[in-house]
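The next block holds one structure in the form of structure tokens; read it before the comments.
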């Protein structure tokens with residue numbers, strides 16, 4: 001029963017935010033650390049998608065899907081900053 | 001058209017299954033005909049959604065195995081207690097329709113424009129996005145030297161083996177077989193560890209780009225070893241796959 | 001946004017279904033499975049038994065704590081129950097060995113009308129007192145004749161099978177005895193405050 005990472009909810013986040021979010025910067029409201037959404041710890045084997053801080057384990061974001069609606073809770077994030085332009089590698 | 005692959009809302013669309021190719025006894029590559037496919041970048045994935053007659057639906061993500069510009073291919077490993085993968089690898093037939101959403105991803109991608117050496121470390125089916133990157137490298141004529149370190153249980157479990165054994169100069173493929181090796185095997189044995197990475201990985205002072213993909217424990221052990229070899233954590237890109245108990 | 005109906009995926013049935021199950025035991029919108037899927041919102045805690053305890057708390061005070069050995073010494077029951085997960089699977093005739101919550105509550109004086117179960121890893125879930133008492137709730141430490149595995153909530157989990165299984169909190173370490181109701185983890189994120197599978201109370205407002 002392993003956790004995944006933010007890559008696994010890339011499609012869900014595109015649906016919610018209308019933008020590519022895996023390279024967005026996420027700041028944890030509990031411990032203050034910042035990392036890329038792709039590198040957060042994600043649990044999908046649950047009644048919702050749970051994104052946790054890789055450093056302290058606190059919940060950053062929860063998405064519960066009911067019918068055609070996504071209920072999004074972002075209260076665990078102090079900041080979520082999408083990149084201004086798509087990252088090029 | 002590549003711009004729409006990154007901007008704008010994604011929606012589910014219906015894809016038709018084309019050819020099916022068995023890669024190993026538990027791995028199958030599925031060709032998908034997607035009417036409004038906007039193109040993709042090497043390393044991206046797509047989401048698949050299956051719907052049962054009573055409305056129950058399940059979604060999973062699969063890395064795109066083909067290069068930008070090629071027909072869309074995904075490669076799926078059958079997980080014994082999986083919910084979706086047994087269907088995709090055993091039941092699905094050419095002509096069937098499935099819903100897909102994609103391409104997705106802006107982090108675990110490689111466009112080939114940077115000449116820095118590239119290290120790819122794959123655990124099992126984690127090799128799938130790397131096939132896309134290697135084929136893209138060849139099609140685009142990219143110059144970056146690439147090393148792929150590929151960990152598989154046994155030689156018959158190596159996906160894309162014929163292709164990987166025929167890579168052009170500039171691409172080195174190193175296998176390690178963790179459970180079973182052929183009698184005349186002279187390659188590496190056992191799990192990818194710090195020692196093996198120390199041998200295979202580009203020296204950190206060459207400022208390589210690195211990508212690690214596979215089951216979560218594999219990715220975390222490898223990423224941690226790369227960091228201890230001097231790779232800045234920000235330069236090690238990771239993509240974790242669910243294993244048993246998940247899909 | 002208008003969406004067309006999703007095409008049916010020919011031959012797709014989802015998890016290992018048991019079509020022969022008695023339909024009268026399957027709540028609306030559920031299907032019976034032979035599997036026991038593992039769901040979790042976080043990493044699996046691994047509390048050693050010598051560090052484990054179960055507590056009843058009220059108004060910031062611990063009323064009573066039991067160590068693992070003390071729980072093992074309490075009268076236990078064999079419980080057979082159908083369980084129903086909000087993610088649509090149901091599993092019939094699951095077998096547990098468990099201590100009734102009535103047994104635990106009998107040892108304290110309390111004025112609770114609600115409980116909030118708290119767990120290793122931070123998970124919580126809330127229930128009316130009336131739903132964990134009267135022989136409806138247990139502290140379960142054995143499943144199917146063996147010690148409860150960590151992935152399924154071991155060393156011990158709450159077992160309240162008449163409600164959706166997210167209320168049967170895994171890795172439970174105690175109950176806060178409350179005068180007023182307080183939503184737990186999934187209840188805060190959009191799931192139903194009560195969760196009766198027979199009235200299909202999955203989401204808030206259902």
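Chains as they are written, first to last, in my numbering: chain H, 1 to 89; chain D, 1 to 247; chain W, 1 to 206.
Positions of the beta carbon are idealized from the N, C-alpha and C atoms, including for glycine.
A contact between stretches requires three or more CB pairs, one per stretch, nearer than 8 Å, and the region 10-30 of chain H meets this requirement with the region 95-111 of chain D. DSSP places residue 69 of chain W in the uninterrupted alpha helix (DSSP H) bounded by 68-73.
According to the DSSP assignment, residue 16 of chain H belongs to the alpha helix (DSSP H) that extends over 10-17.
Counting C-beta pairs closer than 8 Å gives fewer than three between the region 115-132 of chain W and the region 75-92 of chain W, which falls short of the contact rule.
The Cβ-Cβ distance between residue 60 of chain D and residue 27 of chain D does not fall below 7 Å. Fewer than three Cβ pairs drawn from the region 50-57 of chain W and the region 129-136 of chain W lie within less than 8 Å of each other, which leaves the two stretches out of contact. Scanning its chain for C-beta atoms nearer than 6 Å, with the 5 sequence neighbours on each side dropped, one finds around residue 145 of chain D the residues 117 and 170, in chain order. Per DSSP, residue 51 of chain H is not a residue of any alpha helix (DSSP H); the beta strand (DSSP E) it occupies stretches across 49-52. In the three-state reduction of the DSSP assignment, residue 5 of chain W falls in the coil class, being assigned neither a helical nor a strand state. For residue 63 of chain H, the closest alpha carbon among the candidates H/29, H/2, H/75 and H/35 is that of H/75. The Cβ atoms of residue 7 of chain W and residue 200 of chain W do not sit closer than 7 Å to each other. In the structure shown, the three-state DSSP call for residue 156 of chain D is helix. The beta-carbon distance between residue 138 of chain W and residue 198 of chain W, rounded to whole angstroms, is 20 Å. This is too long to meet the 8 Å contact definition. Sequence-distant partners of residue 103 of chain W (beyond 5 residues in either direction) whose C-beta falls short of 7 Å from its own C-beta, in its chain, are 74 and 75.
As the crow flies, the alpha-carbon of residue 173 of chain D is around 7 Å from that of residue 164 of chain D.
Inter-segment contact for the region 4-14 of chain H and the region 36-50 of chain H is present: three or more beta-carbon pairs are separated by less than 8 Å. W/90 is the residue among W/90, W/10 and W/43 whose C-alpha sits nearest the C-alpha of residue 22 of chain W.
In the assembly as shown, residue 167 of chain W is a buried residue. Its beta-carbon has 16 or more other beta-carbons within 10 Å. Excluding the 5 residues flanking it on each side, residue 82 of chain W has same chain C-beta neighbours closer than 8 Å at 25, 90, 91, 92, 93, 94 and 161, in chain order.
Taking 7 Å as the threshold, the shortest C-beta distance from residue 31 of chain H to chain W does not fall below it. Our two residues, residue 110 of chain D and residue 182 of chain W, have alpha carbons roughly 48 Å apart in a direct line. The Cβ atoms of residue 99 of chain W and residue 56 of chain W lie no closer than 7 Å to each other.
Here DSSP, grouped into helix, strand and coil, assigns residue 87 of chain D to helix. Checking the DSSP bridge columns, you'll see residue 70 of chain H partnered with H/65. Residue contact with chain H for residue 61 of chain D: present (Cβ-Cβ distance below 7 Å to some residue of chain H).
Pairing residue 16 of chain D with residue 58 of chain W, the inter-Cα distance amounts to about 59 Å.
Close to residue 40 of chain W, with beta-carbon spacing below 7 Å, are these residues of chain H in chain order: 1, 43, 45 and 46. Contact check for residue 177 of chain D and residue 187 of chain D: beta-carbon distance about 7 Å, within the 8 Å limit, so the pair qualifies.
Listed along the chain, the chain W residues whose CB falls inside 7 Å of the CB of residue 14 of chain D are 7. The Cβ neighbour count for residue 112 of chain W, taken over all protein chains shown within 10 Å, is at least 16; the residue is labelled buried.
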